[in-house]
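Protein chains in written order, with the working numbering: chain V, 48 to 330; chain E, 48 to 330.
Note that the Cβ used here is the ideal one computed from N, Cα and C, for glycine as well.
Source: prediction; values computed, not measured.
This report concerns only the one structure given below.
2 protein chains.
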Amino acid sequence: MKNWDDLRIFRAMAKSRSIRAAAAELKTTHATVSRRVRALEDDLGSALFERRKEGYVLTAFGQSMMDLTQSVTAGVEAIDRLAFGQDGSLAGPVRLSVLEDLYYKVLANPLDSFMRSHPMIELTIETTSSFRDVNRREADVIVRITSDPPEQAVGRKVADSPLAAYCSRDYLRNRPVVDRWIALDYPPTVSPLLNARPAFLANSLTVVADVLRRGQGIGLLPCFMAEGDCDLVRLSEVDLIPDKEIWTLTHVDILHNPRVRLLMDHLYHAFSNQRARIEGRAE
Amino acid sequence: MKNWDDLRIFRAMAKSRSIRAAAAELKTTHATVSRRVRALEDDLGSALFERRKEGYVLTAFGQSMMDLTQSVTAGVEAIDRLAFGQDGSLAGPVRLSVLEDLYYKVLANPLDSFMRSHPMIELTIETTSSFRDVNRREADVIVRITSDPPEQAVGRKVADSPLAAYCSRDYLRNRPVVDRWIALDYPPTVSPLLNARPAFLANSLTVVADVLRRGQGIGLLPCFMAEGDCDLVRLSEVDLIPDKEIWTLTHVDILHNPRVRLLMDHLYHAFSNQRARIEGRAE
DNA sequence: TCTTCATGGATCAAATACTAACCACATCAT
DNA sequence: ATGATGTGGTTAGTATTTGATCCATGAAGA
Numbered sequence: 048m049k050n051w052d053d054l055r056i057f058r059a060m061a062k063s064r065s066i067r068a069a070a071a072e073l074k075t076t077h078a079t080v081s082r083r084v085r086a087l088e089d090d091l092g093s094a095l096f097e098r099r100k101e102g103y104v105l106t107a108f109g110q111s112m113m114d115l116t117q118s119v120t121a122g123v124e125a126i127d128r129l130a131f132g133q134d135g136s137l138a139g140p141v142r143l144s145v146l147e148d149l150y151y152k153v154l155a156n157p158l159d160s161f162m163r164s165h166p167m168i169e170l171t172i173e174t175t176s177s178f179r180d181v182n183r184r185e186a187d188v189i190v191r192i193t194s195d196p197p198e199q200a201v202g203r204k205v206a207d208s209p210l211a212a213y214c215s216r217d218y219l220r221n222r223p224v225v226d227r228w229i230a231l232d233y234p235p236t237v238s239p240l241l242n243a244r245p246a247f248l249a250n251s252l253t254v255v256a257d258v259l260r261r262g263q264g265i266g267l268l269p270c271f272m273a274e275g276d277c278d279l280v281r282l283s284e285v286d287l288i289p290d291k292e293i294w295t296l297t298h299v300d301i302l303h304n305p306r307v308r309l310l311m312d313h314l315y316h317a318f319s320n321q322r323a324r325i326e327g328r329a330e
Numbered sequence: 048m049k050n051w052d053d054l055r056i057f058r059a060m061a062k063s064r065s066i067r068a069a070a071a072e073l074k075t076t077h078a079t080v081s082r083r084v085r086a087l088e089d090d091l092g093s094a095l096f097e098r099r100k101e102g103y104v105l106t107a108f109g110q111s112m113m114d115l116t117q118s119v120t121a122g123v124e125a126i127d128r129l130a131f132g133q134d135g136s137l138a139g140p141v142r143l144s145v146l147e148d149l150y151y152k153v154l155a156n157p158l159d160s161f162m163r164s165h166p167m168i169e170l171t172i173e174t175t176s177s178f179r180d181v182n183r184r185e186a187d188v189i190v191r192i193t194s195d196p197p198e199q200a201v202g203r204k205v206a207d208s209p210l211a212a213y214c215s216r217d218y219l220r221n222r223p224v225v226d227r228w229i230a231l232d233y234p235p236t237v238s239p240l241l242n243a244r245p246a247f248l249a250n251s252l253t254v255v256a257d258v259l260r261r262g263q264g265i266g267l268l269p270c271f272m273a274e275g276d277c278d279l280v281r282l283s284e285v286d287l288i289p290d291k292e293i294w295t296l297t298h299v300d301i302l303h304n305p306r307v308r309l310l311m312d313h314l315y316h317a318f319s320n321q322r323a324r325i326e327g328r329a330e
């Protein structure tokens, strides 16, 4: 193979099945992707993709190629982690991935102080719903709400994240005989399911909380979302419902990087300080 | 990692421990190798090599890197073989690696006729003493004189290659009471060892045969080297000594390439036709 | 000692790859 | 229909990478 780097382009293209999407992922233009893919096909002597109306789709040969690039990619990812882990400097980048709601409700202040204490660390916070892969170093540290943390990752459970029922003071005052239930429809994060048919469904914790604040009904929320919110009241008649756990995670290869350690420690303390509230044991 | 292709340069550099040597292997210039290695070091953030008087030598980090590139290289090699095996065209390149002496004594005419029969095949014959690795597709087909063909390779044994004792007619006429022995000192290929202390040692079959032709003494040679040579006489008093075998080898991934098949078949027939002579059963 | 050879650094013109901008075409919602 | 959006192809100008060359240095040979 003339140019090993073409495999990087090939993989992006195979995954996104579109020249432009691959270009965006690779932070380049579609002209470059097009040219490099064609160069690779010329080099190998066979077509890798077939032009279809659904997009570029792998040929049988392309599929075999994709399988074989697996070990190449794994090697490159391991190299990236090795290099990052090797880096003993306190100055430099760390990337944190965290659910946006968790950032606002729990981590905003602690991360602010983290950045003040370590101004030489370039912290990138990626608040996202879809979780990043620590293997690929899409993020260096991940705060994940889950019940089973992934293999390969290392880290610690920093809190439980139970659910409780909340509503506004208003709603509580003029409470109807039959409660109106507001529910979250958002599988990847938390799954507060009810037998009652919900009157309102939203795929965002923020939206559910907002609707509850407006007095529209009763809803289940993770305690970190609602405890300490002066507009929301917890219904004491409904017990805490154990749900997910909160984990801080990283990869063993980069665990010894001092910036990763600092951030992991800081996160641990941030969660420790707020654990009572997050777990609904406030007051 | 910004550019996966830098790993190709890195590996060449690590193996040759010299910028210029790596450049030669990569068919580029030392300026490029120097730049790319530095670019990789910048990208990874740590030094890969240390400048010593013996040349560039891997740092501890570079050594770990080298280990991790193993799977990358293996993947790329598998890809190369897949692409070559995939190529169903009769027109195109095949590379054959064969010991120079074996080429002259056994394969010269058959390969000449092979090229005449298939003018669209670009046959590259690499006559070399050090054997090529079929895994890396340093050669597509290899004729190897060995007693244990390598794993991973596929092929067939095409002949035994026993040794016999030869000398010139001249020497035989004026034979001294104590024979002068001419011996080969060449481990990688054939190892005709004797208890008698040799009067002459050479590391080339051609040279040994030449010295024998000049009447300098008696020597052991593989039959393919001496049988049919009108200047050399076999000593009937010394029995045939079983030694190595001759194998034609390729990689399973490229076995179905039509050019590889044709060449393998042609080689098999070439050896079949001359088997009696090669195995010392001539006349 | 002096010469020869090979090594790697530095420089700049030439080759190459890249980006930005355009286009034509398809899909989809209005 | 029709305009908006997203796709990939093409091309011209630019930016980057490369290769040829010169240089200084150190090791090996005469």
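- Chain order gives the chain V residues near E/M48 as V123, I126 and D127, where near means a beta carbon separation below 7 Å.
- Excluding its 5 nearest sequence neighbours in each direction, E/G275 has C-beta neighbours in its own chain below 6 Å: R324, listed in chain order.
- Counting only Cβ-Cβ distances below 7 Å, V/F96 has no contacts in chain E at all, with the closest Cβ about 15 Å away.
- Between V/N182 and V/H313, the C-beta gap is not smaller than 8 Å, which leaves the two residues out of contact.
- In terms of beta-carbon proximity, V/T116 lines the interface with chain E, with at least one pair separated by less than 8 Å.
- With fewer than 16 other CB atoms across the displayed protein chains lying within 10 angstroms of its CB, V/L137 is exposed.
- Under the three-state reduction of DSSP, E/E169 is assigned to strand.
- Taking a cut-off of 8 Å on C-beta distances, the stretch 65 to 75 of chain E does not touch the stretch 87 to 104 of chain V, as fewer than three cross pairs fall below it.
- In terms of CA proximity to E/I288, E/E326 leads the group E/E326, E/T120, E/S160 and E/T253.
- Residue E/Y213 holds the alpha-carbon nearest to the alpha-carbon of E/V285 among E/R328, E/Y213 and E/R98.
- Using a CB distance below 7 Å, no part of the stretch 170 to 187 of chain V faces chain E.
- Rounded to the nearest whole angstrom, the C-alpha separation of V/Y151 and V/Q133 is 32 Å.
- V/G135 sits exposed, since fewer than 16 C-beta atoms from the chains shown fall within 10 Å of its C-beta.
- Among the residues of the stretch 74 to 105 of chain V, those with a Cβ less than 7 Å away from any Cβ of chain E are L91, G92 and S93, in the order of the chain.
- By the CB criterion at 8 Å, E/V141 and E/L302 fall outside the cutoff.
- Distance between E/M48 and V/D300, taken at the CA atoms: about 16 Å.
- When DSSP reads this structure, V/V190 sits in a beta bridge with V/V145 and V/T295.
- For E/K49, the three-state secondary structure derived from DSSP is coil.
- Taken atom to atom, the span from the alpha-carbon of E/S164 to that of E/R191 is near 24 Å.
- Listed as beta-bridge partners of E/S215 by DSSP are E/L279.
- E/D207 is bridged by DSSP to E/E292.
- E/P196 sits in coil when the DSSP states are folded into three classes, being neither helix nor strand.
- Looking only at V/T75, V/L95, V/R179 and V/T76, the smallest Cα-Cα distance to V/V84 is reached by V/L95.
- Under the 10 Å beta carbon count, V/M272 is surrounded by 16 or more other beta carbons and is classified as buried.
- Membership of E/R99 in the beta strand (DSSP E) is indicated by the continuous run F96 to R99.
- Taken through DSSP and simplified to helix, strand or coil, E/T120 comes out as helix.
- Just so you know, the alpha carbons of V/M311 and E/T106 end up roughly 29 Å apart.
- The contact set of V/R322 on chain E, defined by CB atoms closer than 7 Å, is empty, because the minimum CB distance reaches about 36 Å.
- Residue range W228 to L231 is occupied by the beta strand (DSSP E) that includes E/L231.
- For V/E72, same chain residues with a beta-carbon under 7 Å away, outside a window of 5 residues either side, are A59 and S63 in chain order.
- For the options E/C270, E/F108 and E/D127, the alpha carbon positioned closest to that of E/P209 is the one of E/C270.
- E/L87 is a Cβ neighbour of E/D53, given a cutoff of 8 Å.
- Inter-residue distance for E/H316 and E/V145 is about 16 Å (C-alpha atoms, whole angstroms).
- Flagged as an interface residue toward chain E: V/Q133, by a C-beta distance shorter than 8 Å.
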